[in-house]
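Q: Right, I'll just put the structure down here and ask away after.
2 protein chains.
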Amino acid sequence: MSSQIRRSEAMPTPQQMLDVAVEEARKGLAEGGIPIGAALFAADGTLLGSGHNRRVQLDDPSIHAETDAFRNAGRQRGYRSTIMVTTLSPCWYCSGLVRQFNIGAVVIGESRTFTGGHDWLAEHGVDVTVVDDERCVTMMREFIAANPELWAEDIGE
Amino acid sequence: MSSQIRRSEAMPTPQQMLDVAVEEARKGLAEGGIPIGAALFAADGTLLGSGHNRRVQLDDPSIHAETDAFRNAGRQRGYRSTIMVTTLSPCWYCSGLVRQFNIGAVVIGESRTFTGGHDWLAEHGVDVTVVDDERCVTMMREFIAANPELWAEDIGE
């Protein structure tokens, strides 16, 4: 195996990183929760932490997918080289998290069912990638159709 | 006692609401943590929840004072008429929380030692009051001077 291939394995693609977030979203759905997942990666592709929205499961409105992944990554001295991966465009709360902690890049599953602050993050120098992943779109579309009030609660509407 | 006086007691002043947040900040300091406190009030002055920064105490970077107060208030169906009171100008993370959940008003102890997103919130229709409370300024000034690295970590610098 060449070192080039090893490097390739060590640095996952946006799609591969997104798979971790999708798996978290599915866990949340299986728990009866809102199916949004996220994961924080180091620059070398190491997974620092992952998580999912747990408003319903823990009756805790502060646990969005991104804040859960951020918490689960533990205390870090800096975030500039980290990548926040999330199944859905980050809301203002989670966009604020990214901006305050200078997270360098955000990979987003989709922004069709909801658009948060990702354009604002890009304006402030964050490297933003929207994958437009059909799994993410379908999962959110079905969830919102079945649970419109819960979804409105989660985004403060 | 006239009903006017009763109404006055039921609806605390910004300074009185700030006292609750200052008490939380002092609790945090006594625990060896970062002395920032917050409290979420209903429109009628009822305290919904209060909290303080617990990065150090719980090794949890996601618990800022405002997010702790928000969590401790539990799930609410709407925040438009609520008031978030905090000893320090809310960072982008906490400003994002206020904007996403449409919290109607923010009362801030001081913005001299740190200025977050409160002007941005005002631009987006949030009723922002900066009390400029000397207790808050002194507490943060002394804390930052004694713990510059911890403070930098807490605001992602």
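The listed protein sequences correspond, in order, to chains A and B.
The first sequence lines up with residues 1 to 157 when you count with full-length UniProt numbering.
The second sequence lines up with residues 1 to 157 when you count with full-length UniProt numbering.
Ideal Cβ positions, reconstructed from N, Cα and C, are used throughout, including at glycine.
1. Looking at C-beta atoms only, is the number of pairs between the region 38–48 of chain B and the region 38–57 of chain A that lie closer than 8 Å three or more?
2. Suppose the cutoff is 8 Å on Cβ atoms and the five residues either side in sequence are ignored; what does the same chain contact list for I144(A) look like?
3. Determine, using beta carbons only, whether F70(B) and L29(B) come nearer to each other than 8 Å.
4. Looking at the structure shown, is D44(B) part of a helix, part of a strand, or coil, going by DSSP?
5. For V98(A) versus L121(A), is the C-beta distance shorter than 8 Å?
6. For the pair the region 80–91 of chain B and the region 58–69 of chain A, tell me if three or more CB-CB distances fall below 8 Å.
7. By how many angstroms is the C-alpha of E142(B) removed from the C-alpha of G109(B)?
8. Mapping the DSSP letters down to three states, classify residue 176(B) as helix, strand or coil.
9. Is the beta carbon of I155(B) sitting closer than 8 Å to the one on Q100(A)?
10. Whose Cβ in chain A lies nearer than 7 Å to the Cβ of C91(B)?
11. Are R135(A) and V22(A) closer than 8 Å when you measure CB to CB?
12. Going along chain A, which residues have a C-beta under 7 Å from S62(B)?
13. Listed in chain order, which residues of the region 110–122 of chain B have Cβ atoms closer than 8 Å to some Cβ of chain A?
14. Hey, does D127(B) have any beta-carbon neighbour from chain A nearer than 8 Å?
15. Taking 8 Å as the CB-CB limit, is S50(A) close to chain B?
16. Let me know if E123(A) comes out buried or exposed under the rule of 16 or more other beta-carbons within 10 Å of its beta-carbon.
17. For R26(B), which residues of its own chain have a beta-carbon under 8 Å away from its beta-carbon, when the five flanking residues on both sides are left out?
18. Is it true that the CB of I103(B) sits closer than 8 Å to the CB of V128(B)?
19. Go ahead and label T13(A) buried or exposed: buried means 16 or more other beta carbons lie within 10 angstroms of its beta carbon, across all protein chains shown.
20. Can you list, in chain order, the residues of its chain with a C-beta nearer than 7 Å to that of A73(B)? Leave out the 5 residues immediately preceding and following it.
21. Return the chain-ordered list of same chain residues with a C-beta closer than 8 Å to the C-beta of Q76(B), the five sequence neighbours on each side being excluded.
22. Can you list the residues of chain A that E153(B) reaches, using a CB-CB cut of under 8 Å?
23. Using the beta-carbon count (16 or more within 10 Å), is A105(B) buried or exposed?
24. Out of M84(A), G96(A), G32(A) and M17(A), which has the shortest C-alpha to C-alpha gap to A146(A)?
25. Look at the alpha carbon of M84(B) and the alpha carbon of T67(A), and state the distance between them as a whole number of angstroms.
26. Could you work out which residue in G96(B), C91(B), D132(B) and T87(B) is closest to T115(B) when comparing CA atoms only?
27. According to DSSP, simplified to helix, strand and coil, what is A30(B)?
28. Would you report the Cα separation of A65(B) and P148(A), rounded to the nearest angstrom?
29. Closer than 8 Å by C-beta to Q15(A): which residues in its own chain qualify, once you throw out the five before and the five after it? Chain order, please.
A: Reading it off the structure:
1. no
2. T113 and W151
3. no
4. coil
5. yes
6. no
7. 15 Å
8. No statement about residue 176(B) is possible, as the shown extent of chain B runs from 1 to 157 and does not include it.
9. yes
10. Q100
11. yes
12. T67, F70 and R71
13. G116 and G117
14. no
15. no
16. exposed
17. P35, G37 and M139
18. no
19. exposed
20. L40, L48 and G49
21. L48 and T82
22. R75 and R77
23. buried
24. G32(A)
25. 20 Å
26. C91(B)
27. helix
28. 30 Å
29. V131 and D133
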